[in-house]
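J.:
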Amino acid sequence: MAQQEDVFKKIVSHAKEYGFVFQSSEIYDGLAAVYDYGQNGVELKNNIKRYWWDAMTLLHENIVGIDSAIFMHPTIWKASGHVDAFNDPLIDNRDSKKRYRADVLIEDAIAKIDEKIEKEVAKAEKRFGESFDREMFCKTNARVAEHISKRDALHQRYSDAMNANDLDELKQIIIDNDIVCPISGTRNWTDVRQFNLMFKTEMGSTADGAMTVYLRPETAQGIFVNYLNVQKTGRMRLPFGIAQIGKAFRNEIVARQFIFRMREFEQMEMQFFVKPGEELKWFEYWKQVRLAWHKALGMGDQKYRYHDHEKLAHYANAATDIEFEMPFGFKEVEGIHSRTNFDLSQHEKYSGKKIQYFDPEKNESYTPYVIETSIGVDRMFLSVLCSSYEEQALENGETRVVLHLPAPVAPVKCAVMPLVKKDGLPEKARQIVDSLKFDFATRYDEKDSIGKRYRRQDAIGTPFCITVDHQTLEDNTVTIRHRDSMEQSRVKIEDLHELIHNEVSLTSLLRKLA
Ligand code: ATP
Numbered sequence: 062m063a064q065q066e067d068v069f070k071k072i073v074s075h076a077k078e079y080g081f082v083f084q085s086s087e088i089y090d091g092l093a094a095v096y097d098y099g100q101n102g103v104e105l106k107n108n109i110k111r112y113w114w115d116a117m118t119l120l121h122e123n124i125v126g127i128d129s130a131i132f133m134h135p136t137i138w139k140a141s142g143h144v145d146a147f148n149d150p151l152i153d154n155r156d157s158k159k160r161y162r163a164d165v166l167i168e169d170a171i172a173k174i175d176e177k178i179e180k181e182v183a184k185a186e187k188r189f190g191e192s193f194d195r196e197m198f199c200k201t202n203a204r205v206a207e208h209i210s211k212r213d214a215l216h217q218r219y220s221d222a223m224n225a226n227d228l229d230e231l232k233q234i235i236i237d238n239d240i241v242c243p244i245s246g247t248r249n250w251t252d253v254r255q256f257n258l259m260f261k262t263e264m265g266s267t268a269d270g271a272m273t274v275y276l277r278p279e280t281a282q283g284i285f286v287n288y289l290n291v292q293k294t295g296r297m298r299l300p301f302g303i304a305q306i307g308k309a310f311r312n313e314i315v316a317r318q319f320i321f322r323m324r325e326f327e328q329m330e331m332q333f334f335v336k337p338g339e340e341l342k343w344f345e346y347w348k349q350v351r352l353a354w355h356k357a358l359g360m361g362d363q364k365y366r367y368h369d370h371e372k373l374a375h376y377a378n379a380a381t382d383i384e385f386e387m388p389f390g391f392k393e394v395e396g397i398h399s400r401t402n403f404d405l406s407q408h409e410k411y412s413g414k415k416i417q418y419f420d421p422e423k424n425e426s427y428t429p430y431v432i433e434t435s436i437g438v439d440r441m442f443l444s445v446l447c448s449s450y451e452e453q454a455l456e457n458g459e460t461r462v463v464l465h466l467p468a469p470v471a472p473v474k475c476a477v478m479p480l481v482k483k484d485g486l487p488e489k490a491r492q493i494v495d496s497l498k499f500d501f502a503t504r505y506d507e508k509d510s511i512g513k514r515y516r517r518q519d520a521i522g523t524p525f526c527i528t529v530d531h532q533t534l535e536d537n538t539v540t541i542r543h544r545d546s547m548e549q550s551r552v553k554i555e556d557l558h559e560l561i562h563n564e565v566s567l568t569s570l571l572r573k574l575a
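Residue numbering for the sequence shown follows our numbering, beginning at 62 and increasing consecutively.
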């Protein structure tokens, strides 16, 4: 684990050194959990967004996009439940002055018991070999049975407290289970308080009586409140979806792990409206479709898993996360939720407008049910970055740092380099840039030795380097070097376009999904 943490630190500094991600307001010592994307980061991020957008809107003729405003009528957040219930329970340790989410402290304690159980099971499995019966072992081994009953009791007490919103009980659980602050090691805890995660601001001048508005904590509500507009103007028939990419804001209590948990982030959400009763079928459909979207990037199928929710929000009737194996463990990147007709019904109630669908086949009106797919752009970015990063030992004893980015999302697709800065090679190289730049993000680089130039491109994940040498002037051929294999071959300039296109085009990625 320590080794993995080391790797993660290196990835974070690599992201800065090569213009992917910077701390926000760095020259003023930064702003916690807010980040800026640099010259390469913005390209990678845009490519990820384009991949998602095209997969949704081009491959599904019944999905359309919108771009709703960040500011919305404050009653929307009352209707959605965010004003009353978008809270995290927080607790402070008086000695370390550190703030924690009480629920996370308890979940960590449950995870620790799970680890103990798994350790015992693994030991026994080794001892018994083929004949090992996990279920039987867990029932009959006294120590494991004790751990399991302790875990179950804690889990039950915890979920009762969460469901009842009982903050005193949450604190009592922390005390009864001897949960200590990881920094100070003490049990000197404050009471647990509810903390609403929405940022507030004011709209209008105070003389007019300013209105409190919220920075949206999710993009989904912008879709729900436009359901009627899109359905009517687009003549949409069920089932159909509305997709949106945009910023969201949450005043997270503990912001950790770089861009994994930020206070300003970006979401890609799609709400799929279906006939009541068909929601679970569509839930299964979107589970499969979304996982296939992730896997098509080729970052390794074993790095993904579903995590089905045991505890469902009161309005949901199914929910799962797609988790990705980050250097700090499997973590949620995307959520897929069956939200029933909760949101549309709430907006109908609070707005007083009829928000329904007239079904011409059944000749009746009803409120559609909704399946939501919700993915964080930044978490997706982080998963791509982490799985691409490699410090590779080379045969000649050197090491190179390379980002094995999926070619269609790489910020730069090819770099064109004259071998030397004279004899007409730069001019020839520029001509090649000029012929490729309309279709591919292309860079020209003539500084430093060719080896150094290759390393620079490896470090930002450029799939192809094209070198122009003296032979190019004679026969119009260049060498093309492949990032991952470092293999080089000689090709005709006129073949470059097709060769690059085959590897880097988003189309080939999308075709895998069709
Ligand atoms: P978590 O449990 O990690 O706080 P969540 O379950 O609250 O996440 P959702 O409300 O389901 O998250 O949001 C959908 C997606 O938005 C998440 O899967 C994640 O990718 C992204 N997301 C949510 N909160 C943040 C954040 N603070 N920073 C970056 N991305 C986020």
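Don't be surprised by glycine CBs; every beta carbon is placed ideally from N, CA and C.
Does residue 332 pass the burial test, meaning 16 or more other C-beta atoms within 10 Å, or should it be called exposed?
T.: Answer is buried; the Cβ neighbour count reaches 16.
J.: When the Cα atoms are used, what is the spatial distance from residue 422 to residue 347?
T.: Using only the alpha carbons, I get a separation of about 25 Å.
J.: Please state if the CB of residue 432 and the CB of residue 395 are separated by a distance shorter than 8 Å.
T.: No, the Cβ-Cβ distance between residue 395 and residue 432 is not below 8 Å.
J.: Shorter than 7 Å, the distance from the beta carbon of residue 305 to the closest heavy atom of ligand 1, or not?
T.: Residue 305: no, Cβ never under 7 Å from ligand 1.
J.: Give the range of the alpha helix (DSSP H) segment to which residue 447 is assigned.
T.: Note, residue 447: alpha helix (DSSP H), 438-449.
J.: Inspect the CB distances between the segment 480-499 and the segment 526-533 and report whether three or more fall short of 8 Å.
T.: Judged by Cβ distances under 8 Å, the segment 480-499 makes contact with the segment 526-533, as three or more pairs qualify.
J.: Got a sec: does ligand 1 put a non-hydrogen atom nearer than 7 Å to the Cβ of residue 292?
T.: Checking the Cβ of residue 292 against ligand 1 gives no.
J.: What are the boundary residues of the beta strand (DSSP E) that residue 478 is part of?
T.: Per DSSP, residue 478 belongs to the beta strand (DSSP E) from 475-479.
J.: Alpha carbon to alpha carbon, what distance is there between residue 101 and residue 365?
T.: The alpha-carbon atoms of residue 365 and residue 101 are separated by roughly 26 Å.
J.: Determine the contact status of residue 154 and residue 224, defining contact as a CB-CB distance below 8 Å.
T.: Contact: no.
J.: Starting from the Cα of residue 310, find the closest Cα among 546, 574, 95, 565 and give me that residue.
T.: The candidate whose alpha carbon is nearest that of residue 310 is 95.
J.: Going straight from the alpha carbon of residue 174 to that of residue 386, what length do you get?
T.: If you take the alpha carbons of residue 174 and residue 386, they lie about 21 Å apart.
J.: Could you say which of 560, 207, 82, 563 lies nearest to residue 323 if we only look at CA atoms?
T.: Ranking 560, 207, 82, 563 by Cα distance to residue 323 puts 82 first.
J.: Take residue 413 as the anchor and find which of 66, 159, 137 has the nearest alpha-carbon.
T.: Among 66, 159, 137, the Cα nearest to that of residue 413 is on 137.
J.: So does the segment 331-345 actually touch the segment 286-306, counting three or more Cβ pairs closer than 8 Å?
T.: Cβ pair count under 8 Å is three or more, so yes.
J.: Along the chain, where does the alpha helix (DSSP H) that runs through residue 574 open and close?
T.: Element bounds for residue 574: 567-574.
J.: Check whether the Cβ atoms of residue 209 and residue 167 sit closer than 8 Å, and answer yes or no.
T.: Their beta carbons are not under 8 Å apart, which means residue 209 does not touch residue 167 by this criterion.
J.: Does the distance from the CB of residue 129 to the CB of residue 283 come in under 8 Å?
T.: In this structure, residue 283 lies closer than 8 Å to residue 129 by Cβ.
J.: Any chance the segment 473-489 sits against the segment 508-525, with 3 or more Cβ pairs inside 8 Å?
T.: Verdict: yes, contact present.
J.: Could you check if residue 575 is buried or exposed, using at least 16 other CB atoms within 10 Å of its CB as the buried criterion?
T.: By the 10 Å Cβ count, residue 575 comes out exposed.
J.: State the beta-bridge partners of residue 308 as determined by DSSP.
T.: Bridge partners of residue 308: 327.
J.: When burial is assigned at 16 or more other CB atoms within 10 Å of the CB, is residue 213 buried or exposed?
T.: The residue in question, residue 213, is exposed, as its Cβ has fewer than 16 Cβ neighbours within 10 Å.
J.: Can you name the start and end residues of the beta strand (DSSP E) that residue 382 belongs to?
T.: First-last of the beta strand (DSSP E) with residue 382: 379-387.
J.: Thinking C-beta only, is residue 405 closer than 8 Å to residue 429?
T.: A contact, by the Cβ cut-off of 8 Å.
J.: Specify the secondary structure class of residue 251 as computed by DSSP and reduced to three states.
T.: Of the three classes helix, strand and coil, the one that applies to residue 251 here is coil, per DSSP.
J.: Just checking my contact of residue 471 with residue 523 at CB under 8 Å: how many whole Å lie between their CB atoms?
T.: Contact flag correct, Cβ pair sits at about 6 Å.
J.: Between residue 253 and residue 264, how many whole angstroms is the CB-CB distance? I'm expecting something under 8 Å.
T.: The Cβ separation is near 32 Å, so there is no contact.
J.: Using three-state DSSP, classify residue 322 as helix, strand or coil.
T.: Three-state DSSP puts residue 322 in coil, outside helix and strand.
J.: Could you pull out every residue in the same chain whose Cβ sits closer than 7 Å to the Cβ of residue 442, ignoring the five residues on either side in sequence?
T.: For residue 442, where only same-chain residues beyond five positions count, the Cβ hits under 7 Å are 105, 106, 109, 320.
J.: Bridge partners of residue 40, per DSSP?
T.: Residue coverage of the chain in this structure runs from 62 to 575, which leaves residue 40 outside it and unanswerable.
J.: Please classify residue 171: does DSSP put it in a helix, a strand, or coil?
T.: Looking at residue 171 - three-state DSSP - the assignment turns out to be helix.
J.: So residue 403 packs on residue 427, CB below 8 Å; how close in whole Å?
T.: 14 Å between Cβ atoms; not a contact.
J.: Would residue 397 pass as a contact of residue 344 if the rule is Cβ separation under 8 Å?
T.: Yes, these two residues count as a Cβ contact at 8 Å.
J.: Starting from residue 207, follow the alpha helix (DSSP H) in both directions and report where the run begins and ends.
T.: Its alpha helix (DSSP H) spans residues 203-224.
J.: Using 7 Å as the cut-off, classify the Cβ of residue 326 as near or not near the heavy atoms of ligand 1, replying yes or no.
T.: Yes, Cβ of residue 326 sits closer than 7 Å to a heavy atom of ligand 1.
J.: Span of the alpha helix (DSSP H) holding residue 417?
T.: No alpha helix (DSSP H) contains residue 417, which DSSP labels as neither H nor E.
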